Every structure is written in structure tokens, then in C-alpha cells.
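Residue numbers (the working numbering), protein chains in the order written: chain A, 5 to 281; chain B, 5 to 281.
#1: Tell me, please, whether the CB atom of residue 160 of chain B is closer than 8 Å to any CB atom in chain A?
#2: Got a sec, what are the start and stop residues for the beta strand (DSSP E) residue 126 of chain B sits in?
#3: Determine, using beta-carbon pairs with one atom in the stretch 85-102 of chain A and one in the stretch 86-93 of chain B, whether at least three such pairs fall under 8 Å.
#4: What would DSSP say about residue 191 of chain A, mapped onto helix, strand or coil?
#5: Kindly list the residues whose CB is nearer than 8 Å to the CB of residue 58 of chain B, restricted to its own chain and excluding five residues on each side of it in sequence; keep chain order.
#6: Looking at the secondary structure, which residues open and close the beta strand (DSSP E) in which residue 96 of chain B lies?
#7: Determine the chain B residues that contact residue 80 of chain A at a beta-carbon separation under 8 Å, and present them in chain order.
#8: Would you please verify whether the beta carbon of residue 154 of chain B is less than 8 Å from any beta carbon of chain A?
#9: Taking the straight line between their C-alpha atoms, what separation do you get for residue 260 of chain A and residue 53 of chain A?
#10: Could you please give the first and the last residue of the uninterrupted alpha helix (DSSP H) stretch that includes residue 88 of chain A?
#11: Please state whether DSSP places residue 269 of chain A in a helix, a strand or coil.
#12: DSSP three-state call for residue 238 of chain B: helix, strand or coil?
#13: Rounded C-beta distance between residue 97 of chain A and residue 65 of chain A? I'm assuming under 8 Å.
#14: Do you know how far the Cα of residue 139 of chain A is from the Cα of residue 184 of chain A?
#15: Kindly indicate if chain A contains any beta-carbon less than 8 Å away from that of residue 176 of chain B.
#16: Taking the beta strand (DSSP E) that residue 61 of chain B falls in, what are its first and last residues?
#17: Determine whether the Cβ of residue 167 of chain B lies closer than 8 Å to any Cβ atom of chain A.
#18: In or out: residue 169 of chain A buried (at least 16 other Cβ within 10 Å) or exposed?
#19: Quick check on residue 160 of chain B: buried or exposed, where buried means 16 or more other Cβ atoms within 10 Å of its Cβ?
#20: Quick one: using the 10 Å Cβ neighbour count with 16 as the cut-off for buried, is residue 173 of chain A buried or exposed?
#21: Shortest alpha-carbon distance to residue 104 of chain B belongs to which of A:100, A:107 and A:106?
#22: Ordered along the chain, which non-local residues of its own chain (more than five positions away) have a Cβ less than 7 Å from that of residue 208 of chain B?
#23: Just to confirm my understanding: we take residue 5 of chain A, look at its own chain, exclude 5 residues before and 5 after, and list those with CB closer than 7 Å. What are they?
#24: For residue 110 of chain A, would you say it is in contact with chain B, using Cβ-to-Cβ distances shorter than 8 Å as the test?
#25: Using a cut-off of 7 Å between C-beta atoms, extract the partners of residue 69 of chain B located in chain A.
#26: Let me confirm a value: residue 235 of chain A is counted as buried when at least 16 other C-beta atoms fall within 10 Å, else exposed. Which label applies?
#27: Could you work out which residue in B:88, B:187 and B:106 is closest to residue 51 of chain B when comparing CA atoms only?
#28: Just to confirm my understanding: we take residue 9 of chain A, look at its own chain, exclude 5 residues before and 5 after, and list those with CB closer than 7 Å. What are they?
#29: Measure the alpha-carbon distance for residue 155 of chain B versus residue 120 of chain B and round it to whole angstroms.
#30: Give me the Cα-Cα distance between residue 26 of chain B and residue 67 of chain B, rounded to the nearest whole angstrom.
#31: In chain order, what residues of the same chain lie with their CB nearer than 8 Å to the CB of residue 250 of chain B, ignoring the 5 residues before and after it?
#32: For residue 179 of chain B, return the contacting residues in chain A, with the cut-off set at a CB-CB distance below 7 Å.
#33: Sorted by chain position, which residues of the same chain lie with C-beta nearer than 8 Å to residue 225 of chain B's C-beta, five sequence neighbours on each side aside?
#34: Quick check on residue 77 of chain B - is its C-beta less than 8 Å from some C-beta in chain A?
#35: Residues in its own chain within less than 7 Å of residue 132 of chain A by CB, not counting five upstream and five downstream?
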């Protein structure tokens with residue numbers, strides 16, 4: 005999927021919402037248990053109900069791996085379902101992979117060939133050769149962890165470099181800026197640190213930012229947009245639990261749609277205010 | 005598996021060898037293609053041939069994920085085969101996972117419950133809560149990336165902290181030192197940087213170090229031992245390709261055993277010289 009395709013979707017759907025498919029089998033409604041693959045059936049209904057309001061879906065690999073082969077099957081079926089029925093959707097593997105070159109090559113194959121993902125989240129600690137194999141795929145994307153929204157983020161991400169004065173997350177933005185370009189690299193910027201988006205935008209003004217952490221993790225959409233939007237929008241904002249687990253009852257899909265619609269409505273207004281649409 | 009169990013195995017087998025199961029389907033002998041699960045059949049024969057000389061096996065997840073469901077099946081079968089037949093073996097998932105707390109919890113479930121691993125490699129970038137869920141399992145281990153053996157390692161791992169003067173990899177050692185103890189945390193220290201093991205040992209004198217990168221990646225065993233050994237050995241040294249792909253012919257298992265035996269022989273001598281056995 006190209007940069008232009010993503011921008012077009014944002015304008016068409018008046019949304020920059022990503023729905024996180026953190027489909028924890030322990031949290032999906034009870035009556036799915038009767039299906040052969042409960043997680044896939046749950047995802048299918050969530051996707052059908054919310055796809056009008058979302059431009060991207062982001063399965064979180066941990067929730068699938070925890071189920072072993074059955075989980076991998078749910079992941080395969082879910083991604084194929086999206087690609088077959090909604091080919092315009094930007095499909096992100098929230099996998100946070102990263103290893104030496106010859107290993108990353110195989111991870112790239114796993115997510116870009118064996119599975120039909122458009123993008124994968126990657127941990128930058130091992131440096132350039134842990135990322136470059138993903139970048140050799142045309143129209144595929146790497147989304148590099150820069151600033152995360154969890155508590156432990158403060159352990160290492162804010163350390164200041166003695167020689168440059170930059171914080172580690174800023175060094176990562178600056179360094180990775182040269183690994184590719186705005187058409188194959190995005191960055192993860194945790195939403196609980198919305199004011200830092202200003203600093204981020206000084207280093208990567210044109211790149212898309214994937215912003216997790218609104219809803220259950222507490223980030224506010226308006227703040228994110230104020231500090232992070234650019235002339236092409238440049239934001240993909242993710243909500244997971246607040247949408248997919250909006251209800252545990254028969255009306256779970258309807259309630260998920262309502263929550264997604266609420267966010268899309270807010271996004272529509274913010275896109276208008278910022279003259280993107 | 006406990007610290008004591010690992011030390012006992014080292015003394016019994018006179019070895020601290022880990023065999024990396026980077027079982028790339030493109031590189032295993034042709035005649036395995038006839039099997040329903042070629043990678044598992046290959047692994048089984050490699051394990052049977054080398055287990056006398058090794059205390060640990062380390063499947064590299066990328067090589068399994070690249071095959072989709074079939075790969076996950078190979079991984080499940082391989083790990084079960086090891087646990088059923090050689091329960092004394094220390095089983096490491098080279099997965100380099102790491103995410104916010106509730107996600108890491110699910111990764112821990114995937115590798116410590118759904119699969120029977122004793123340990124998992126973890127990327128530290130997201131900090132303490134990305135690691136702590138793994139540490140809540142009794143007799144299971146987290147192996148934290150500190151210093152890696154790839155070229156990209158120099159992108160971020162050697163940045164010096166303005167306030168402490170420590171390099172990032174040293175800060176990770178120092179910080180993670182407080183997350184657990186020598187009986188549930190190990191560190192990955194790339195073997196191409198053997199002289200840095202001296203610095204590492206100043207911070208974590210008692211912890212086990214997992215040292216990848218000998219053989220195909222070029223590290224030298226004697227150097228590693230000179231700089232890295234402690235009174236309980238404290239080293240697990242990994243070789244992958246140089247063992248499992250020692251031959252592409254019918255004699256692949258025999259050749260793998262020969263390569264593993266060579267290393268075990270060297271290790272035996274070094275353990276004696278250092279009065280561990």
C-alpha cells in the first residue's frame with residue numbers, strides 16, 4: 005500500500021482510526037466458544053461492524069501466539085478476511101520484531117509474504133540491519149518504536165546522549181529517518197505523551213505516526229491532533245480494548261461500531277478544522 | 005529449570021554449548037521435502053545427533069513463523085520432542101519479544117505455557133513492564149538483549165548517557181539487574197565483542213550470559229571464556245549454522261555431531277583450565 009493510498013483512505017472515510025485486534029480469548033463474549041475458531045469469528049464480526057469507520061486494523065501478535073497453532077490460524081484467517089473483503093484497509097502486524105539481518109529477512113517473509121500484512125511494528129534496539137530487510141519490500145511499511153505509552157518507557161527512551169544532547173527516542177527518529185523515507189517508514193509515538201509530538205514533528209515532519217494508547221491507555225485525541233497533525237494528516241490513531249470490548253453481550257459488535265463511530269466523528273471534525281478535508 | 009540445574013548440566017556434559025535451531029527450510033537437505041513436516045524431521049535428527057554435546061537448544065522463531073501454521077507446528081513438535089526425550093535440556097525461545105505489560109503477559113503465556121520453553125530472549129527498549137510479566141513464572145528465565153553481535157548494534161547500544169557516562173548497553177545491564185536476580189535473568193552479549201565481556205562482568209558478575217555469534221558470526225570461544233567466565237561458568241555459548249548446516253548431504257547429522265563435539269571438546273578443556281570441573 006502506498007502513502008497516497010493511505011492519504012486517500014483518510015480523506016474518503018474522514019477517519020484516521022486504526023482498530024487494534026487485541027482479541028484476548030478470555031475477554032470475547034462467551035457464546036463464541038461454540039465456534040471452531042472463536043477468535044476469528046469474533047474478529048470477523050468486529051471488522052464487519054467497524055470497517056466503515058476505520059482505515060487500518062492492527063492484530064497484536066501476542067494474543068494469537070498465546071493460543072498456539074489455533075491462534076496462528078485465527079491470525080491467518082483474519083488477515084485474509086480483511087484483504088479479501090476490504091482491500092483498501094491498511095493492515096498492521098503489531099509484532100515488535102527485530103533481529104540480525106538474516107533473521108529479520110525471515111520475519112519479513114513471515115509477515116509480508118506468508119501473511120498479507122502491509123506493515124509491521126519493529127523494535128529498533130538492534131539497529132539498521134534489523135530493519136533494512138523489511139524495507140526491501142515494495143509498498144510495505146516498517147513502523148519503528150520510538151516513544152511508547154507504557155510506564156517502562158522512561159527506563160531507557162529518555163536517556164540523553166552525551167555527545168548530541170538528544171534523547172534516545174530522538175536519536176532513533178533521526179537515525180531511522182535515513183534508513184528509508186516517508187513512504188516506507190512510520191514511527192510509534194505513545195499517546196500519553198501528546199506534548200512530545202511537537203518535538204517529534206521537528207525531526208520527522210512528513211512521516212506518518214502510529215499513535216497507540218487512546219481509550220484504555222488514556223490518551224486524548226484532540227491533544228494528539230493539535231501536536232501531531234501535518235498537511236497530509238500524518239496520523240494513524242489506534243484504539244483497541246475501548247472498541248472491541250465495548251460490550252461483552254450479544255450487542256458487542258453494535259457497541260464496537262458505536263465506539264468506532266464516535267472516534268470517527270471526532271476525527272472528521274479535526275480533519276476539517278485542520279483543512280485536510 | 006533452576007540455576008543449579010543448569011550448572012549441574014554444564015558439569016555433567018562438560019559443555020556450555022547451545023545449538024541454535026535456525027532451521028531455514030531453504031537450507032535443510034533436499035530429501036526432507038518428502039516428509040509432512042520437513043523442519044521438524046530435520047530438527048529431530050539434529051537433536052538426536054548433538055544432544056550429548058549440548059546443554060541448550062534455541063529455536064529462532066523467525067524461521068518457524070516464515071512458514072505460517074506449518075512452522076508453528078514444527079516449533080510445537082520440536083519443543084515437545086526435546087522436553088519428552090531430554091528433559092534436562094535448557095530450552096530457549098529466541099523470540100526477542102517485548103511490549104506493554106498486558107501484551108507481554110500474553111507472550112509469556114505463549115512461550116511458557118502453550119509452548120514448553122524455559123527461557124525467552126526479550127528486547128529491553130520498552131522497559132521494566134515489558135519484562136516483568138515473564139519474571140512472574142517460577143523457574144523460567146528472561147534473557148535480555150544487552151549487547152548484540154550484528155553491525156547495527158553500534159547504532160544505539162553504545163550511546164553514552166549524559167548524566168551517568170554509561171553506555172546504553174551498560175545502563176540496560178544495571179537497570180535490569182534490579183528487575184530480578186541471577187536465577188531468573190540472563191543477558192545476551194554478542195560474541196564479536198569479547199573484550200567487552202570484561203566491562204559486562206563488572207556490572208553483572210554472577211549472571212549467566214548467552215553468547216551468540218561464534219561460528220558463522222565469527223566469535224572466538226577462547227576469548228569469550230577468558231573475558232566472560234565466572235566461578236559457575238556463567239556462559240551459554242550458541243552456535244547455529246556452523247553446526248546444523250555443517251553438511252547438506254545424507255551425512256548432515258553426523259557432521260553436525262562432529263562440529264558440536266569439536267566445540268564441546270574445546271569447552272571441556274576451558275572448563276578444566278578455569279577449574280569449573
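Virtual Cβ for every residue (Gly too), placed ideally from N, Cα, C. The model shown is predicted, which means the values in this text are computed figures rather than measured ones.
So, from the listed chains and residues:
#1: Stepping through the second chain from its first residue, residue 160 of chain B is reached at position 156. A Cβ of chain A is located within less than 8 Å of the beta carbon of residue 160 of chain B.
#2: Numbered from 1 along the second chain, position 122 holds the residue referred to as residue 126 of chain B. Here the beta strand (DSSP E) through residue 126 of chain B covers 123-126.
#3: No contact exists between the stretch 85-102 of chain A and the stretch 86-93 of chain B.
#4: Position 187 of the first chain, counted from the first residue, corresponds to residue 191 of chain A. Strand at residue 191 of chain A.
#5: Here residue 58 of chain B refers to the residue found at position 54 of the second chain. The residues are 17, 19, 21, 22, 23, 93, 264 and 268.
#6: If you number the second chain from 1, residue 96 of chain B lands on position 92. 94-101 is the span of the beta strand (DSSP E), which, as asked, contains residue 96 of chain B.
#7: Taking the first residue of the first chain as position 1, residue 80 of chain A is located at position 76. What residue 80 of chain A touches in chain B: 72 and 73.
#8: Residue 154 of chain B sits at position 150 when you count from the first residue of the second chain. At least one CB atom of chain A sits nearer than 8 Å to the CB of residue 154 of chain B.
#9: In the first chain, residue 260 of chain A corresponds to position 256, counting from 1. In the first chain, residue 53 of chain A corresponds to position 49, counting from 1. Distance between the alpha carbons of residue 260 of chain A and residue 53 of chain A is about 7 Å.
#10: Residue mapping note: residue 88 of chain A aligns to position 84 of the first chain, counting from 1. Start and end: 73-89.
#11: The residue given as residue 269 of chain A occupies position 265 in the first chain. DSSP places residue 269 of chain A in helix when its eight states are reduced to three.
#12: If you number the second chain from 1, residue 238 of chain B lands on position 234. The DSSP-derived three-state label of residue 238 of chain B is coil.
#13: For the purposes of this step, residue 97 of chain A is taken as the residue at position 93 of the first chain. For the purposes of this step, residue 65 of chain A is taken as the residue at position 61 of the first chain. Right, the Cβ-Cβ distance comes to about 6 Å (below 8 Å), so this counts as a contact.
#14: To locate residue 184 of chain A, count along the first chain from 1; it is residue 180. To locate residue 139 of chain A, count along the first chain from 1; it is residue 135. When rounded, the separation of the alpha-carbon atoms in residue 184 of chain A and residue 139 of chain A is 7 Å.
#15: Stepping through the second chain from its first residue, residue 176 of chain B is reached at position 172. Closer than 8 Å to some Cβ of chain A, the Cβ of residue 176 of chain B qualifies, so yes.
#16: What you label residue 61 of chain B is simply residue 57 of the second chain in a count that begins at 1. Unbroken beta strand (DSSP E) run through residue 61 of chain B: 60-63.
#17: On the second chain, residue 167 of chain B is found 163 positions in, with the first residue counted as 1. Cβ-Cβ to chain A under 8 Å: yes for residue 167 of chain B.
#18: For this step, residue 169 of chain A is matched to residue 165 along the first chain. The residue in question, residue 169 of chain A, is exposed, as its Cβ has fewer than 16 Cβ neighbours within 10 Å.
#19: The sequence position of residue 160 of chain B within the second chain is 156, counting from 1. By the neighbour-count rule (16 or more Cβ atoms within 10 Å), residue 160 of chain B is buried.
#20: Here residue 173 of chain A refers to the residue found at position 169 when the first chain is read from its first residue. Residue 173 of chain A comes out buried.
#21: Taking the first residue of the second chain as 1, we reach residue 104 of chain B at position 100. The shortest C-alpha separation from residue 104 of chain B is found at A:100.
#22: As a first step, residue 208 of chain B is located in the second chain; it is residue number 204 there, counting from the start. 177, 181 and 191, listed in sequence order.
#23: Working through the first chain from its first residue, we reach residue 5 of chain A at position 1. In its chain, beyond the 5 residues on either side, 94, 122 and 143 have a beta carbon closer than 7 Å to the beta carbon of residue 5 of chain A.
#24: The count along the first chain starts at 1 and reaches residue 110 of chain A at position 106. Taking 8 Å as the threshold, the shortest C-beta distance from residue 110 of chain A to chain B falls below it.
#25: In the second chain, counting from the first residue as 1, residue 69 of chain B sits at position 65. Those are 111 and 114, listed as they occur along chain A.
#26: The residue given as residue 235 of chain A occupies position 231 in the first chain. Here residue 235 of chain A is exposed, its C-beta having fewer than 16 other C-beta atoms within 10 Å.
#27: In the second chain, the residue the question calls residue 51 of chain B occupies position 47. Distances from the CA of residue 51 of chain B to each of B:88, B:187 and B:106 were compared; the closest alpha carbon is that of B:88.
#28: Taking the first chain and counting its residues from 1, one reaches residue 9 of chain A at position 5. None.
#29: On the second chain, position 151 is the one that residue 155 of chain B refers to. On the second chain, position 116 is the one that residue 120 of chain B refers to. Those two C-alpha atoms are separated by around 32 Å.
#30: Position 22 of the second chain, counted from the first residue, corresponds to residue 26 of chain B. Position 63 of the second chain, counted from the first residue, corresponds to residue 67 of chain B. The alpha-carbon separation between residue 26 of chain B and residue 67 of chain B amounts to approximately 6 Å.
#31: Counting from 1 along the second chain, the entry for residue 250 of chain B is found at position 246. Cβ neighbours of residue 250 of chain B within its own chain (closer than 8 Å, five residues either side excluded): 256, 259, 260, 262 and 263.
#32: The residue labelled residue 179 of chain B in the question sits at position 175 within the second chain. 159, listed in chain order.
#33: The residue you call residue 225 of chain B lines up with position 221 of the second chain. Leaving aside the five residues that flank residue 225 of chain B on each side, the residues in its chain whose CB is nearer than 8 Å to its CB run, in chain order, 218, 241, 267, 270, 271 and 274.
#34: The residue you call residue 77 of chain B lines up with position 73 of the second chain. Yes, because at least one Cβ of chain A sits closer than 8 Å to the Cβ of residue 77 of chain B.
#35: Residue numbering aside, residue 132 of chain A sits at position 128 when the first chain is read from its first letter. If the five residues before and after residue 132 of chain A are omitted, its C-beta is found closer than 7 Å to the C-beta atoms of 183, all from its own chain and listed in chain order.
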